[in-house]
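Numbering (the UniProt record's numbering), first residue to last: 1 to 62. By construction, the Cβ of each residue, glycine as well, lies at the ideal position given by its N, Cα and C atoms. Here the structure is a predicted model, which is why all the values come from computation and not from measurement.
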Amino acid sequence: MGVRKLKPVTNGTRHAVLYDFAEITKSEPEKSLLEPLKKHAGRNNQGRITVRHRGGGHKRRY
């Protein structure tokens, strides 16, 4: 497994070293196992907005 060094942007990341999981993970998930995630956008069962500033965003899958 490879090692990934972070850029020293903050004091915490100055000496940080992480694992690189490129060898054990595929870039794309298996398509037959994916299902769409329905967006709620802060709405309840009546369709009214109950949480503000939600919505939009990239399409997500489960």
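Within the UniProt region "Disordered" (32 to 62), no run of beta strand (DSSP E) at least 3 residues long lies entirely inside it.
The beta carbon of H40 sits closer than 7 Å to none of the beta carbons in its chain outside the five residues before and after it. Of the candidates E35, S32, R54, R54 places its Cα closest to the Cα of G42. When the beta-carbon positions are compared, L37 and R4 stay at least 8 Å from each other. Annotation: the continuous beta strand (DSSP E) that includes R4 extends over 2 to 5.
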